[in-house]
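Below you'll find the structure, written out as structure tokens, and then a few comments.
There are 2 protein chains.
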Amino acid sequence: MPRAVAGPEIERLIQLLARLPGLGPRSARRAALHLIKKRETLMQPLAAAFDDALGKIVTCRVCGNIDVRDPCTVCTDAEREVGTLIVVADVSDLWALERAGTIRAKYHVLGGVLSPLDGIGPDDLNLSGLVQRVHQDEVREVILALGATVDAQTTAHYITDLLRGRDVAVTRLAHGVPVGGELDYLDEGTLSAAMRARTPL
Amino acid sequence: MPRAVAGPEIERLIQLLARLPGLGPRSARRAALHLIKKRETLMQPLAAAFDDALGKIVTCRVCGNIDVRDPCTVCTDAEREVGTLIVVADVSDLWALERAGTIRAKYHVLGGVLSPLDGIGPDDLNLSGLVQRVHQDEVREVILALGATVDAQTTAHYITDLLRGRDVAVTRLAHGVPVGGELDYLDEGTLSAAMRARTPL
Numbered sequence: 001m002p003r004a005v006a007g008p009e010i011e012r013l014i015q016l017l018a019r020l021p022g023l024g025p026r027s028a029r030r031a032a033l034h035l036i037k038k039r040e041t042l043m044q045p046l047a048a049a050f051d052d053a054l055g056k057i058v059t060c061r062v063c064g065n066i067d068v069r070d071p072c073t074v075c076t077d078a079e080r081e082v083g084t085l086i087v088v089a090d091v092s093d094l095w096a097l098e099r100a101g102t103i104r105a106k107y108h109v110l111g112g113v114l115s116p117l118d119g120i121g122p123d124d125l126n127l128s129g130l131v132q133r134v135h136q137d138e139v140r141e142v143i144l145a146l147g148a149t150v151d152a153q154t155t156a157h158y159i160t161d162l163l164r165g166r167d168v169a170v171t172r173l174a175h176g177v178p179v180g181g182e183l184d185y186l187d188e189g190t191l192s193a194a195m196r197a198r199t200p201l
Numbered sequence: 001m002p003r004a005v006a007g008p009e010i011e012r013l014i015q016l017l018a019r020l021p022g023l024g025p026r027s028a029r030r031a032a033l034h035l036i037k038k039r040e041t042l043m044q045p046l047a048a049a050f051d052d053a054l055g056k057i058v059t060c061r062v063c064g065n066i067d068v069r070d071p072c073t074v075c076t077d078a079e080r081e082v083g084t085l086i087v088v089a090d091v092s093d094l095w096a097l098e099r100a101g102t103i104r105a106k107y108h109v110l111g112g113v114l115s116p117l118d119g120i121g122p123d124d125l126n127l128s129g130l131v132q133r134v135h136q137d138e139v140r141e142v143i144l145a146l147g148a149t150v151d152a153q154t155t156a157h158y159i160t161d162l163l164r165g166r167d168v169a170v171t172r173l174a175h176g177v178p179v180g181g182e183l184d185y186l187d188e189g190t191l192s193a194a195m196r197a198r199t200p201l
């Protein structure tokens, strides 16, 4: 926003909104104006939702999920298989897998992946909690749902080593052609992985 | 967000964020997670900015601008020309013109444009205020900065008629080739307007 067309309060609102992922300076202005125009129907409820979240949201001490209770809704869900643990890097991955809805197991959120370049080592991830859960909860399968980047794969290998010797199967998500994907647009790595992991029809 | 991975508070936060312009369901989830992770450095300041805005922001009774004071910062700015009034449809247009920074005049925000199809008639716009200001404030020029849609042009003609007979020049923004624009990509209407309004070099 330009200088001197309104008080600093509106400028500050725009600056804060611009820090949300997906909003740039221009869309933050549009969002701010939208919020100001819909003060009663949008800004007020959102302010209340923020206050609610600020007062209530906690990180689950068992799995690292974000929720308003600890242990979280997933950890206390009696209908989920207890023998299977899905390891994800981030809460957003947990949400994504739940949207897919293939499997109703419990999760373990690492809080990132190993990344030597960014200075993220094993101590920065929730790994001791994972080993402890595998030990205590009689987990039979650990599914590593960690993406296909170099850092994610390094993390997957590290966890596999960590769990070696324990009576637990460690699996990872399949690599291959994404549903709806055209071969033409896929990189060589994906195509090679899909070819190697080809399945009988 | 899927069912039963967290309390309804997070779901509600996502739903409200998804109502911001520029954010869809997916980016609203990302924004919610970002806000939750940055509770202290982003969500808390944003909640405070909302409370601040909710308590303070008002519509200027003189020009229709949005600000924390009434009359607004623009109307009380002594360095702006008083003889020129720029008529805009929306506060966002006022902001856009101030960013361009070509002219330091006062504004008049109509709150929309005439739109028979949407049921927006002259009584729904801040037109009586405009006539009154032209009369009282010794305005010499009214610049109609109203866009080039059919509705905006209808509104421009309506205002021109309204101010006819008064000692005031009514002008509108030039139509033409946008700066950086390629002729190839421009529509016929813009090209015709630019050709008709050609200027000597």
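Protein sequence lines, in the order shown, are assigned to chains A and B.
Residue numbering for the first sequence follows the UniProt record's numbering, starting at 1 and increasing by one per position.
Residue numbering for the second sequence follows the UniProt record's numbering, starting at 1 and increasing by one per position.
Backbone N, C-alpha and C fix where the C-beta goes; we use that ideal spot for every residue, glycine too.
Proximity of residue i and residue j at Cβ, strictly below 8 Å
i	j	result
Val131/B	Leu85/B	no
Asp90/B	Leu114/B	no
Leu127/B	Val142/B	no
residue 229/A	Ile10/A	In the structure as shown, chain A starts at 1 and stops at 201, and residue 229/A therefore has no counterpart that could be examined.
His108/B	Cys63/B	yes
Val74/B	Leu110/B	no
Ile36/A	Ile14/B	no
His175/A	Ala148/A	yes
Leu23/A	Gly22/B	yes
Gly7/B	Val58/A	no
Phe50/A	Leu117/B	no
Distance between residue j and residue i (C-alpha atoms, nearest Å)
i	j	result
Arg30/A	Arg26/B	19 Å
Val82/A	Ala197/A	29 Å
Gly181/B	Met195/B	15 Å
Thr199/A	Leu183/A	17 Å
Asp167/B	Arg39/A	39 Å
Gly112/B	Ala145/B	12 Å
Gly119/B	Tyr158/B	16 Å
Gly101/A	Ala48/B	37 Å
Lys56/A	Arg12/A	26 Å
Thr76/B	Asp137/B	13 Å
Leu201/B	Arg99/B	27 Å
Ser92/B	Gly121/A	47 Å
His34/B	Ala18/B	14 Å
Gly165/B	Gln44/A	46 Å
Ala193/B	Val179/B	15 Å
Whole-number beta carbon distance between residue j and residue i, since they are thought to touch under 8 Å
i	j	result
Pro71/A	Arg80/A	Rounded, the Cβ-Cβ distance is 12 Å, inconsistent with contact.
Leu94/A	Val5/B	6 Å
Leu125/B	Leu16/A	Leu125/B to Leu16/A, Cβ: 32 Å. No contact.
Thr154/A	Val170/A	So it is not a contact: roughly 15 Å between Cβ atoms.
Limits of the unbroken alpha helix (DSSP H) element including residue i
i	result
Thr160/B	Val150 to Leu162
Ala169/A	No alpha helix (DSSP H) holds Ala169/A; the beta strand (DSSP E) holding it covers Ala169 to Arg172.
Lys56/B	Gln44 to Lys56
Val131/B	Leu127 to Gln136
Val91/B	Val91 to Ala100
Ser27/A	Pro25 to Lys37
Ala6/B	Note, Ala6/B: premise wrong, no alpha helix (DSSP H); not H, not E.
Leu191/B	Glu188 to Arg196
Cβ-based burial, residue i [other Cβ within 10 Å; buried from 16]
i	result
Ala53/B	buried
Ile103/A	exposed
Leu191/B	exposed
Arg133/B	buried
Glu188/A	exposed
Arg172/B	buried
Leu20/A	buried
Lys106/B	buried
Tyr185/B	exposed
Leu97/A	buried
Residue range of the beta strand (DSSP E) that includes residue i
i	result
Ile143/B	Glu141 to Leu144
Thr76/A	Segment: none, Thr76/A is in no beta strand (DSSP E) and carries neither H nor E.
Val87/B	Thr84 to Val88
Val109/A	Lys106 to Val109
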